[in-house]
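Student: Here it is, the structure in full.
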Amino acid sequence: MSGHPVASLKDLIRKFQNGGLSDDEFVASFETVLAQDPTTPSQAARVVIEENTRFPFPPAVYAEVMRRIERRGATQYDGAGDATRLAGTETGSMYAASPEPGTLPQTPATKGVGDTLNGRFVLEECLGVGGMGTVYKALDLRKLEASDRRPYIAIKVLNLQFSGHPKSLMALQREARKAQTLAHRNIVTVYDFDRDGPVVFLTMEYLSGSSLNHVLKAPGFAGMPMARAMPIIQGMGNALAYAHERGFVHCDFKPANVFLTGNGEVKVIDFGIARGFLPPADESDRTVFDPGSLGGMTPAYASPEMFEHREPDPRDDIFALACVTYELLSGKHPYQRLSANQAREAGLKPAQLPQLGRTQWKTLREALSLDRETRTPTVARFLQGMSAPPAAISGPARRSAPLVGAGVLTALAGVAALGYYAWQSQRPAEAPAADAGATAPVSAAAPAAEPPAAPVPAPPAPAPAAPAELSMAEVGKLLAAVPCSLLAGARQDQTLHVRGYLAESVGAARLREQLSGLPGAKALREVVVDAQPLAADKCEVARMIAPYWSGNRQGDTASSLQLRGKGTQLTEGAPMVLDLRTPAQDSYVYVDYFAADGKVAHMVPSQRIPAHQAPPAYHATIGDSGDWIVSAPFGNELVVLLTTPAPLFASRRAEVESRQEYLRALEKPLAQMARTYGRDRISADLVQISTRAR
């Protein structure tokens, strides 16, 4: 019965796509065909979605067509509604078509621009239309009354098909509670679900900017350079990884659900249908109605397993992320915008992108796999592979850059009142004993001549030379030459202060003597060395973090780690509580405990604290609930904080491992990350504690 009308609907759409109809003619003809179509609105919507995926409609036309299908659905029972998959496309405007008389007899009207929800939210502007609903910019009258500087929010009014489900509000309230746990810089904030009569709506933060979809659809867009694309890829990946760590899969990740704000932030939106892949902690929180069954899958970005209705898995999102990444870098969809099932049946393979290095391409290709079992398992591994520098992979083999060198020296030499540590074994070159003017040879002898008739008066004695000024750059060089140490110097009036961690083999007295021998040091009243002694078995750790140590930094790139309480000595049975602060940038946090027996216990991330992404300048406390209690073995031990712009490892490491094993595993990805992002994007700090038996 339904085959012929659906076919005619396809014919109409393709005639429009081929230029045979104007926008207005198509919308008018669509209404006529739709009125004669005996099929369900779900089937008509599926035809529109498939054709729009193959060849996108103008956004306003797509919005109006979907609105008319929805309006038809309000007057017709749709037995296939629960199985419908509706794709969302953002739009900036809508047709102002008025409903025909009698179209919606005795049916509650949907809300639109100019309407008010619950006497509080005034819908002012349509921001986008998707398969699940319409998004509006709304004025919150309560915020306006309170003179809030940001009175606007975004509201998604759900389609009648969706909101009409008898259990939808109960399920969506549960989903809202879950979505509110996704508090992350790269995820749009969800406030709540509510209803106004039969209308169900979602409130969330209002953003100014544009969707990634607009970037990809811009005329002439042929791909973005990796340097510009990587922050967007990183932001998208951070959001998905954060959700996955909390047991959620987005299920509808696509360019239209990635928002680029005016200040350069990346926000992933539409977690409203995110589905859990981990069992709920509380049986009462188990969702008995799956909102994902009503909408949210976009064919061009959906994994094959989603078409097969398999249980949600993070690898579904990874497939979508890889498709978006490929499109962002090349301007083309990896599978010609076919669905994953169609691509698999046609035997399609993504074309290699020449701008990617070998590791980058291998990473992207694996994430695009049409088989879940061979697809990249975690977002962290995907981001790690995409962060690999192309030159180090596709070009000839090169020696790794050293962890320290002249680049660090040059960058910090001009900073007054700051020393720095760089791992070097040799002493700096000695400064010249006198200044160049005093040692310059005389250029010519006086010419021979008869003695003058009268004696020439002797020239006046030269003024005494001004005392040499102590150079903090020279202080930094000397401190850099001290092995197995992390030292920073600062001058205050006539006192030089040195703090940090000093090798036991050197000692404070010897370092003070060396500093006092620098040119200009005689003008100092005092040299104060306030550094904790560092034993030889801690040298490897000091060497590893030296280029990133926050003791040599000021401002936004520094992190900090402090032991709560007085002193650094802890007794058996006492809790260890640490306060940390991250740099002023999104970062991944690693906190490791280097025990006296040569083992390393990973505090963050760990089974206790699996999530380790942090927003800029984030303050946190570890151990305040008694998670970490001092026990044997006892001695001098280190706790190290390391923050990085991307994950260091593809998966969480074992809770405890040997120090040598961990440092070996850490060295290569840390150096690679420094080359990719720059050393200033990595920050480290440490605390040395002394533990003893009770």
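Each step along the sequence shown adds one to the number in full-length UniProt numbering, with nothing skipped, and position 256 is 256.
By construction, the Cβ of each residue, glycine as well, lies at the ideal position given by its N, Cα and C atoms.
These figures come from a predicted structure and were not determined experimentally.
Which residues in the same chain as residue 241 place their Cβ atom closer than 8 Å to its Cβ, once the five residues preceding and following it in sequence are excluded?
Tutor: Against the sequence shown, residue 241 aligns to sequence position 241. Only 378, 379, 380, 383, 613, 647 meet the Cβ criterion.
Student: Looking only at its chain, what residues have a beta carbon closer than 6 Å to the beta carbon of residue 580, apart from the 5 residues adjacent to it on each side?
Tutor: Taking the first residue of the sequence shown as 1, we reach residue 580 at position 580. The answer, listed in chain order, is 561, 620, 641.
Student: Which term fits residue 354, buried or exposed, when burial requires 16 or more other beta carbons within 10 angstroms of its beta carbon?
Tutor: On the sequence shown, residue 354 is found 354 positions in, with the first residue counted as 1. So residue 354 counts as exposed.
Student: Assuming contact is defined by CB atoms lying nearer than 7 Å, are residue 623 and residue 576 in contact in what I supplied?
Tutor: Within the sequence shown, numbered from 1, the residue matching residue 623 stands at position 623. Within the sequence shown, numbered from 1, the residue matching residue 576 stands at position 576. In this structure, residue 576 lies closer than 7 Å to residue 623 by Cβ.
Student: Would you decide whether residue 422 is buried or exposed? Buried here means 16 or more other CB atoms lie within 10 Å of its CB.
Tutor: Numbered from its first residue, the sequence shown carries residue 422 at position 422. Bear in mind that a pLDDT of 25 at residue 422, under 50, signals an unreliable position, so the number given afterwards is only what the model happens to contain. The residue in question, residue 422, is buried, as its Cβ has 16 or more Cβ neighbours within 10 Å.
Student: Are residue 582 and residue 680 close, meaning C-beta to C-beta below 7 Å?
Tutor: Your numbering for residue 582 matches position 582 in the sequence shown. Your numbering for residue 680 matches position 680 in the sequence shown. No.
Student: Span of the alpha helix (DSSP H) holding residue 214?
Tutor: As a working note, residue 214 is residue 214 in the sequence shown. That run of the alpha helix (DSSP H) goes 212-217.
Student: Quick one: grab the DSSP three-state call for residue 244.
Tutor: As a position in the sequence shown, residue 244 is number 244, starting the count at 1. Here residue 244 sits in helix by DSSP.
Student: Can you say whether residue 566 is buried or exposed, counting buried as having 16 or more other CB atoms within 10 angstroms of its CB?
Tutor: Indexing the sequence shown from 1 puts residue 566 at position 566. Per the 10 Å Cβ criterion, exposed.
Student: Mapping DSSP to helix, strand and coil, what is residue 636?
Tutor: Residue mapping note: residue 636 aligns to position 636 of the sequence shown, counting from 1. Residue state, collapsed to three classes: strand.
Student: Check whether the stretch 256-263 touches the stretch 209-223, taking contact to mean three or more Cβ pairs, one atom from each stretch, closer than 8 Å.
Tutor: Yes, they touch.
Student: Please return the same chain residues whose Cβ sits closer than 6 Å to the Cβ of residue 524, not counting the five positions on each side in sequence.
Tutor: Reading the sequence shown from its first residue, position 524 is the one you call residue 524. 494, 496, listed in sequence order.
Student: Restricting to Cα atoms, I'd like to know which of 606, 57, 331 is closest to residue 220.
Tutor: Residue mapping note: residue 220 aligns to position 220 of the sequence shown, counting from 1. Checking every option, the nearest Cα to that of residue 220 belongs to 331.
Student: Throw me the rounded Cβ distance for the residue 692 and residue 573 pair, which I believe falls under 8 Å.
Tutor: Taking the sequence shown and counting its residues from 1, one reaches residue 692 at position 692. Taking the sequence shown and counting its residues from 1, one reaches residue 573 at position 573. 11 Å between Cβ atoms; not a contact.
Student: Residue range of the alpha helix (DSSP H) that residue 586 falls in?
Tutor: By 1-based counting over the sequence shown, the position of residue 586 is 586. Element bounds for residue 586: n/a, residue is neither H nor E.
Student: Pick out whichever of 229, 367, 318 has its Cα sitting closest to the Cα of residue 239.
Tutor: Within the sequence shown, residue 239 is the residue found at index 239, counting from 1. Measuring from the Cα of residue 239, the nearest candidate turns out to be 318.
Student: Does the distance from the CB of residue 501 to the CB of residue 481 come in under 7 Å?
Tutor: What you label residue 501 is simply residue 501 of the sequence shown in a count that begins at 1. What you label residue 481 is simply residue 481 of the sequence shown in a count that begins at 1. For residue 501 and residue 481, no; Cβs fall outside 7 Å.
Student: Does residue 186 have its Cβ less than 7 Å from a Cβ in chain D?
Tutor: Any reference to chain D falls outside this structure, which holds one protein chain only.
Student: Once the 5 residues before and after residue 341 are set aside, which same chain residues still bring their CB inside 8 Å of it?
Tutor: Locating residue 341 in the sequence shown gives position 341, counting from the first residue. Closer than 8 Å at the Cβ level, and outside the excluded window around residue 341, lie 304, 307.
Student: If residue 249 and residue 312 are in contact, beta carbons under 8 Å, what's the gap, nearest whole angstrom?
Tutor: Numbered from 1 along the sequence shown, position 249 holds the residue referred to as residue 249. Numbered from 1 along the sequence shown, position 312 holds the residue referred to as residue 312. That belief holds up - the Cβ atoms of residue 249 and residue 312 are roughly 4 Å apart, short of 8 Å.
Student: Could you give the distance in angstroms between the alpha-carbon of residue 65 and the alpha-carbon of residue 30?
Tutor: Within the sequence shown, the letter at position 65 stands for residue 65. Within the sequence shown, the letter at position 30 stands for residue 30. Looking at the two C-alpha atoms, the distance is approximately 8 Å.
Student: Where do the N-terminal and C-terminal ends of the alpha helix (DSSP H) with residue 475 fall, by residue?
Tutor: Along the sequence shown, read from residue 1 onward, the residue named residue 475 stands at position 475. 472-480 is the span of the alpha helix (DSSP H), which, as asked, contains residue 475.
Student: Which first and last residues belong to the beta strand (DSSP E) in which residue 301 is found?
Tutor: Within the sequence shown, residue 301 is the residue found at index 301, counting from 1. First-last for residue 301: undefined, no H or E at that position.
Student: Who are residue 259's beta bridge partners in DSSP?
Tutor: Taking the first residue of the sequence shown as 1, we reach residue 259 at position 259. 211, 267, per the DSSP bridge assignment.
Student: For residue 58 and residue 316, what's the separation of their Cα atoms in angstroms?
Tutor: Start at 1 with the first residue of the sequence shown, and residue 58 comes out as number 58. Start at 1 with the first residue of the sequence shown, and residue 316 comes out as number 316. Between residue 58 and residue 316, the C-alpha separation is close to 28 Å.
Student: How many Å lie between residue 225 and residue 14 at the Cα?
Tutor: What you label residue 225 is simply residue 225 of the sequence shown in a count that begins at 1. What you label residue 14 is simply residue 14 of the sequence shown in a count that begins at 1. About 34 Å.
Student: Using CA coordinates, which residue listed in 587, 215, 113 is at the minimum distance from residue 139?
Tutor: Stepping through the sequence shown from its first residue, residue 139 is reached at position 139. Among 587, 215, 113, the Cα nearest to that of residue 139 is on 113.
Student: Hey, residue 529 and residue 512: beta-carbon distance below 7 Å or not?
Tutor: As a position in the sequence shown, residue 529 is number 529, starting the count at 1. As a position in the sequence shown, residue 512 is number 512, starting the count at 1. Closer than 7 Å, so yes.
Student: At which residue ranges does the stretch 647-677 contain complete beta strand (DSSP E) runs of 3 or more residues, listed in the order of the chain?
Tutor: As far as the stretch 647-677 is concerned, its whole beta strand (DSSP E) runs of at least 3 residues are 656-658.
Student: Does the structure place the stretch 358-371 close enough to the stretch 649-661 that three or more beta carbon pairs sit under 8 Å?
Tutor: Output reads no: the stretch 358-371 does not touch the stretch 649-661.
Student: Grab me the residues of residue 133's own chain with a C-beta within less than 7 Å of its C-beta, minus the 5 sequence neighbours each way, in chain order.
Tutor: The count along the sequence shown starts at 1 and reaches residue 133 at position 133. Only 156, 157, 158, 159, 162 meet the Cβ criterion.
Student: Considering Cα atoms alone, identify which of 335, 321, 309 is closest to residue 348.
Tutor: By 1-based counting over the sequence shown, the position of residue 348 is 348. The option with the nearest alpha carbon to residue 348 is 335.
Student: So is residue 395 buried or exposed if we call it buried at 16+ other beta carbons inside 10 Å?
Tutor: Counted from its first residue, the sequence shown places residue 395 at position 395. Since pLDDT at residue 395 reaches only 38, below the 50 mark, its modelled position is unreliable, and no value is offered.
Student: Output the boundary residues of the beta strand (DSSP E) element that contains residue 499.
Tutor: As a position in the sequence shown, residue 499 is number 499, starting the count at 1. Start and end: 495-503.
Student: Name the two residues that bound the continuous alpha helix (DSSP H) containing residue 206.
Tutor: Mapped onto the sequence shown, residue 206 falls at position 206. Careful: residue 206 lies outside any alpha helix (DSSP H) and carries neither H nor E.
Student: Give the secondary structure of residue 491 by DSSP, where H, G and I count as helix, E and B as strand, and everything else as coil.
Tutor: Along the sequence shown, read from residue 1 onward, the residue named residue 491 stands at position 491. Strand, per DSSP.
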